[in-house]
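Everything on this sheet refers to the single structure shown next.
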Amino acid sequence: MNTLFTITENYLEYCETQKGLDKKTLKAYRTDLGQFVSFFNNTYINTISIPEIEKYIGYLHQNFKPKTAKRKLASIKSFYHFLEYKDFIEQNPFNKIKIKFREPILLPKTIPLYIIETLLTTMYKELSLAHTIYRKKRTLLDIAICETLFSTGMRISELCNLKSVDIDLHDATIRIYGKGAKERMIQIGNRDVLLILEKYEAEYMPEISKSGYFFVNPNATQLSDQAIRRMIKKYCSLASIDLHITPHMFRHTFATSLLEADVDIRYIQEMLGHSSITVTEIYTHVALSKQKDILTTKHPRQNFKIETSYTSDR
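This note's numbering applies: residue 553 is where the sequence shown begins, and numbers increase by one.
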C-alpha cells in the first residue's frame, strides 16, 4: 500500500542504509516527513496534487520561520526525488513548482574578544584553586573544551563526536568529520592550547581509552551539547559576564576574527567545513563592523593638515 506513512518509512530506511545519513539528519527528516504525512492525513501518494503541495508550502510559510520552513521543504523535495527515482510517481511535481523564500539576513552573534579572555582567565583561575581531584579533572575538561571551540571553530556536535584516533597532539592536528560526513583537517596553532590539551589527555587517558572519544566526562561517558551549554553558563556567572554565550558563538567569533585579520575567506571556508563559500560569506557582513574603526584611525586623510575653516560671502 503506497500510503504516505509506508513510503516515508521506506525512504527513512533508505536514507540510513543507502545514503548513510547521520542520526541528527535522520531525526530532522523523520520530523519533517511526519508533519507532511499528518497534513495530508496519510493519504495515497499519487492522490496529492500540485495545488495541494502548494497549499502545504503556504502552511510552512505561515507556521515556521523562513529558515525552518526552507529546511522542512528541502526534506520533502528530497523525499520526492526518491519517489521519482524508485518509480513511485511518474513525474516529480516539484519540477513545476516555483518556490521563493525571503530569508532575513541574521548576522551571526560573536563574542567580544575581551570577554573570551575574561572567561578563559576565570576558568584557569578555577583550575588553580581546585582542591579535589574531581574538581581539577572537571575544570581541566571544561578549559580544554572552550579552548578547542575557540581555537578551531568546530561545531559543538563535531567536538562531542571527536574520537581519540582523530586527534594527534604530536603533530597538533585534528581530523574533523562534519555535516554529510565531510572530512577536514585543522591545525592547533597556539602553544598554550596544545599544552592544555596534552595535560587534559594525560589526565583523562583511562576514560578516553574506555570510551573511544577524546572529550569525555570523568565517568568515561560521551559529552552532550546540553552539558557544554550548562558549563559555559556556569563560568559566565562566575566571571560576571552578562552576555548569553552559546557554544556556536565561539565558531562565529573564530571565523569573524580571522576575516578581520585579512585571512582569505576561502581558507576560512575550508577550516569551517562549509560546502559553499556563500555560507561563509555571512561573516563578511559582521566584518564590515570593523570598517568604522579602520576608516577613522587608518585612513591617510586623518593625517592631512588642511585648514578647513572658511567664511561665506553671503
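Note that beta-carbon positions come from the ideal geometry of N, C-alpha and C, so glycine has one too.
Ends of the alpha helix (DSSP H) at residue i?
i      : result
Thr725 : No alpha helix (DSSP H) holds Thr725; the beta strand (DSSP E) holding it covers Thr725 to Tyr729.
Val745 : Arg743 to Ser763
My output table needs one value for residue i: the three-state DSSP class, helix, strand or coil.
i      : result
Thr555 : strand
Lys715 : strand
Met706 : coil
Asp574 : coil
Val768 : strand
Asp532 : The structure shown does not extend to residue 532, since the chain is modelled only from 553 to 866, so the question has no answer here.
Could you pull out every residue in the same chain whose Cβ sits closer than 7 Å to the Cβ of residue i, ignoring the five residues on either side in sequence?
i      : result
Ile667 : Ile793 and Leu795
Gly764 : Lys715 and Ser716
Ala772 : Glu759, Lys762 and Ser763
Glu755 : Lys689 and Leu692
Asn742 : Ser703
Thr662 : Met801, His804, Thr805, Thr808 and Val838
Using a Cβ-Cβ cutoff of less than 8 Å, which residues in the same chain neighbour residue i once the five nearest sequence positions on both sides are dropped?
i      : result
Ser776 : Cys712
Lys576 : Ser709
Ile651 : Ile609 and Leu625
Tyr637 : none
Lys602 : Contrary to the premise, residue 602 reads as Ile rather than Lys in this sequence. The residues are Pro645, Lys648 and Ile649.
Please list the terminal residues of the continuous beta strand (DSSP E) segment that includes residue i.
i      : result
Ile739 : For clarity, residue 739 is Gln in the given sequence; the question names Ile instead. Per DSSP, Gln739 belongs to the beta strand (DSSP E) from Glu735 to Gln739.
Excluding the 5 residues flanking residue i on each side, which residues of the same chain have their C-beta closer than 6 Å to its C-beta?
i      : result
Phe634 : Tyr563
contact_flag[the region 757-769, the region 602-622] where n(CB pairs < 8 Å) is 3 or more: no
3 or more residues per run - each beta strand (DSSP E) lying fully within the region 615-676: none
Tell me, please, whether the region 733-751 touches the region 592-605 by the rule of three or more beta-carbon pairs shorter than 8 Å. no
Going along the chain, which unbroken runs of the alpha helix (DSSP H) with 4 or more residues stay wholly within the region 790-834? The alpha helix (DSSP H) runs lying completely inside the region 790-834 and spanning 4 residues or more are 799-812, 817-824 and 829-832, given in chain order.
Just checking, does the region 567-586 make contact with the region 612-628 on the three C-beta pairs under 8 Å criterion? yes
I want to know whether the region 638-650 touches the region 774-789 - three or more CB-CB distances under 8 Å. No contact exists between the region 638-650 and the region 774-789.
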